[in-house]
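Colleague: Take this structure, written in structure tokens, and hold onto it; I'll ask about it next.
Protein chains: 2
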Amino acid sequence: MRIEIWSDVVCPWCYIGKRRLETALADFEHADEVEVVWRSFQLDPGAPRDGGELAIDSIARKYGQSREGARQMMDQVEAVAAEEGLVYRLGETPHVNTVDAHRVIHLALAEGGPALQGAVKEALLAAYFTHARNVADHEVLREVAVGAGLDAERVSALLASDELTAEVWADMEQAQRYGATGVPFFVVDGRYGVSGAQPADSLAQVLDRAWQEAHPAPLVMQSDAANGVCGPDGCPV
Amino acid sequence: MRIEIWSDVVCPWCYIGKRRLETALADFEHADEVEVVWRSFQLDPGAPRDGGELAIDSIARKYGQSREGARQMMDQVEAVAAEEGLVYRLGETPHVNTVDAHRVIHLALAEGGPALQGAVKEALLAAYFTHARNVADHEVLREVAVGAGLDAERVSALLASDELTAEVWADMEQAQRYGATGVPFFVVDGRYGVSGAQPADSLAQVLDRAWQEAHPAPLVMQSDAANGVCGPDGCPV
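Encoded structure:
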């Protein structure tokens, strides 16, 4: 079973959704046969790389609010994150571009498969939300990616080029074809979609349903006649 | 979509079930994408080839009834057959073995695909139920098969050998694995089973359901969050 998750590195609900999926998978009988693949989604493709503005100020601008108003919204998200065991520092995180972070996440998939990609994705989310680091900065990206297991020279070569940029955009186009306008967005076996950081129970139900669909019983009896059937003992009318 | 039908040439409900499926298919939007394949099932593998006993007498023996008692049962089946436009002559049909008829039906599939097989199957059922012919007799089999489009020499070679006997038994073993103890037994796409000559409406429902399963919408949304999702306009809590 394959779960694809469209997600952004700077999306607060995405990290929460990741934990909820992990909770659902921890109780899922067939978790060892599940492959999780991370897909790219940029909430703000026009965000700068320098990290000079705090996310909280960018949000206050977007909503036409004071920093205190934005802070209240963030407090609520931080409380939800804490319920999932996540420490968010939303008063300190910078408003930054994520295209390079997504390229690194794609590189991890290409170089080490879903396991390495999962480690890199987790490290980048922690770097951003818990440590409020600038995940657009190439030095930061290199350090986090190498810490998660990627080869340093390979990451440097990627960041010095445009490599895998097309893959990031292809993911975003795919999300659009699915009708996803926000993230996290989960797709199970290319068939079942879940929008938003749903509770672990809801995600567990989707896993069960998708598993059953993918592993049908040999035959689903739609109808079983008491008559209208001939057997070795005759043909009851 | 593929419909496999386990059926015997001497099974009264099988011919009725065939007509009902044809009724269901006549109204089915995707009928031109449906392939029907006939599978072998022998109700009485120990039946003789000579046709010396009438089926009605064999049935009376089996049920411990008089010929008149058996006749009453057959009257009821004949009435149901008539509702499907079928003329049954159950007072005249012989009690005969069908392994060779099934070999001919397998040959038709091998030589001309489902279309030729369907024509041969129909011709054999008509020969037996409407014309009360001995479908174990090689001359009869040859005449009926050739009339439906099979090559005369090919049929003669088959009947002079044991060819395709293994395929007949393989079909019966497959029916057993599906848990089918009687016929007709319909299997749609290897997934949906229908036992018995169900009404055309019931068969139509199974066709619809199987078609939908085989042609899923791009994505089934299991849940769509009002919150817990970040989009270009922010992350509502």
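If you read the protein sequences in the order shown, they are chains A and B.
Each number in my numbering comes from the position in the first sequence (counting from 1) with 1 added on.
Each number in my numbering comes from the position in the second sequence (counting from 1) with 1 added on.
Yeah, the Cβ is synthetic: ideal placement off N, Cα and C, and Gly gets one too.
If you're wondering where the values come from, they're calculated on a predicted model, not measured in any experiment.
(1) With a 10 Å radius around its C-beta and 16 neighbouring C-beta atoms as the bar for buried, classify E30/B as buried or exposed.
(2) Spatial neighbours of A48/A within its chain, please: CB distance less than 7 Å, with the 5 preceding and 5 following residues excluded, ordered by chain position.
(3) Can you tell me the Cα-Cα spacing of A137/A and F42/A, whole angstroms?
(4) Please list the segments of the beta strand (DSSP E) lying wholly inside the stretch 10-88 of chain A, counting only runs of 3 or more residues, in order along the chain.
(5) May I ask you to report which of helix, strand or coil DSSP gives R90/B?
(6) Name the chain B residues that come within less than 8 Å of Y89/A, Cβ to Cβ?
(7) State the CB to CB distance for the pair A146/A and V121/A, rounded to an integer number of angstroms; the pair is presumed to be in contact (CB under 8 Å).
(8) Identify each residue in the stretch 37-52 of chain A for which the Cβ-Cβ distance to at least one residue of chain B is less than 8 Å, and report them in chain order.
(9) Using DSSP's beta-bridge definition, name the partner residues of W7/B.
(10) Taking the C-alpha atoms as reference points, what is the distance between V195/B and C231/B?
(11) Tell me the residue span of the alpha helix (DSSP H) that contains V145/A.
(12) So is R134/B in contact with chain A if we call contact Cβ pairs under 9 Å?
(13) Does the stretch 18-30 of chain B come within contact of the stretch 195-215 of chain B, defined as at least 3 CB pairs closer than 8 Å?
(14) Determine whether the Cβ of G92/B lies closer than 9 Å to any Cβ atom of chain A.
(15) DSSP has G191/A in a bridge; who is on the other side?
(16) Where do the ends of the alpha helix (DSSP H) carrying V238/A lie?
(17) Taking 8 Å as the cut-off, does the stretch 78-86 of chain A touch the stretch 5-19 of chain A (at least 3 CB pairs, one atom from each stretch)?
(18) A61/B and R90/B - do their beta-carbons sit closer together than 9 Å?
(19) Along chain B, which residues have their Cβ under 7 Å away from the Cβ of W170/A?
(20) If I'm right that L142/A touches V105/A with Cβ under 8 Å, what's the distance once you round it to whole angstroms?
(21) With a threshold of 8 Å on Cβ separation, who are the neighbours of E54/B within its own chain once the five nearest residues in sequence on each side are excluded?
(22) Assuming H103/A is part of the alpha helix (DSSP H), what are its boundary residues?
(23) Beta-carbon of V147/B versus every beta-carbon of chain A: anything under 9 Å?
(24) Which residues in the same chain have their Cβ closer than 6 Å to the Cβ of V156/A, if we skip the five residues on either side of it in sequence?
(25) So the candidates are W212/A, V207/A and M222/A; which of them puts its Cα closest to the Cα of R210/B?
(26) Measure how close the beta-carbons of L165/A and L126/A come, nearest whole angstrom, since I'm counting them as under 8 Å.
(27) Taking 6 Å as the limit between beta carbons, can you name the residues of its chain near A158/A, skipping five residues before and five after?
(28) Residues of chain A with CB closer than 9 Å to the CB of Y129/B, please, in chain order.
(29) Do D101/B and R50/B have their CB atoms nearer than 9 Å?
(30) Return the bridge partner residues of M222/B from the DSSP annotation.
(31) By the criterion of Cβ-Cβ separation under 8 Å, what are the contact partners of I250/A in chain B?
(32) Would a check of beta-carbon distances place G65/A closer than 9 Å to chain B?
(33) One question on the structure: do P233/A and T131/B come within less than 9 Å of each other, judged by their Cβ atoms?
(34) Please list, in chain order, the chain B residues whose beta carbon lies closer than 8 Å to that of P13/A.
(35) Output yes if chain A places a C-beta closer than 9 Å to the C-beta of V35/B; else output no.
Modeller: Considering the structure as presented:
(1) Around the CB of E30/B, fewer than 16 other CB atoms lie within 10 Å, so the residue is classed as exposed.
(2) Excluding residues up to 5 positions away in sequence, H96, V97 and N98 lie with their Cβ nearer than 7 Å to the Cβ of A48/A in the same chain.
(3) When rounded, the distance between both Cα atoms is 15 Å.
(4) Entirely contained in the stretch 10-88 of chain A, the beta strand (DSSP E) runs reaching 3 residues are, in chain order, 36-41.
(5) Taken through DSSP and simplified to helix, strand or coil, R90/B comes out as coil.
(6) In chain order: nothing, as chain B lies at least about 12 Å away.
(7) Their Cβ separation, rounded to whole angstroms, is 6 Å, which keeps A146/A and V121/A in contact under 8 Å.
(8) Answer in chain order: L44 and D45.
(9) Answer is R40/B and F186/B.
(10) The C-alpha of V195/B lies about 47 Å from the C-alpha of C231/B.
(11) From DSSP, the alpha helix (DSSP H) with V145/A extends over H139 to G148.
(12) Cβ-Cβ to chain A under 9 Å: no for R134/B.
(13) The stretch 18-30 of chain B is in contact with the stretch 195-215 of chain B.
(14) So, not an interface residue.
(15) Looking at the DSSP output, G191/A sits in no beta bridge, so it has no partner there.
(16) Run containing V238/A: none; DSSP gives neither H nor E here.
(17) Yes: the two stretches touch, three or more of their Cβ pairs being nearer than 8 Å.
(18) No; because the gap between Cβ atoms is not below 9 Å, this pair is not in contact.
(19) Under the 7 Å cutoff, chain B gives no residues; its nearest Cβ is about 16 Å from W170/A.
(20) Indeed, because the Cβ distance is near 6 Å, the residues count as touching under 8 Å.
(21) P95 and H96.
(22) Start and end: V100 to L126.
(23) By this cut-off, V147/B is not an interface position.
(24) Apart from sequence neighbours up to five positions away, the residues of its chain that approach V156/A with a beta-carbon distance below 6 Å are R143 and A146, ordered along the chain.
(25) Out of W212/A, V207/A and M222/A, the CA that lies nearest to the CA of R210/B is found in M222/A.
(26) Actually they are not in contact, since the Cβ atoms of L165/A and L126/A sit about 19 Å apart, beyond 8 Å.
(27) Excluding sequence neighbours, A158/A sits near nothing in its chain.
(28) Chain-order list of chain A residues neighbouring Y129/B: empty, with the shortest C-beta distance near 13 Å, by a criterion of under 9 Å.
(29) For the pair D101/B and R50/B, the CB atoms are nearer than the 9 Å cut-off.
(30) G194/A, per the DSSP bridge assignment.
(31) Because chain A is modelled from 2 through 238, residue 250/A falls outside the range shown and cannot be assessed.
(32) Taking Cβ atoms only, chain B never reaches closer than 9 Å to G65/A, which makes this a no.
(33) At least 9 Å separates the beta-carbon of P233/A from that of T131/B.
(34) Here the neighbours are C231 and C236.
(35) No - not a single Cβ of chain A is within 9 Å of the one on V35/B.
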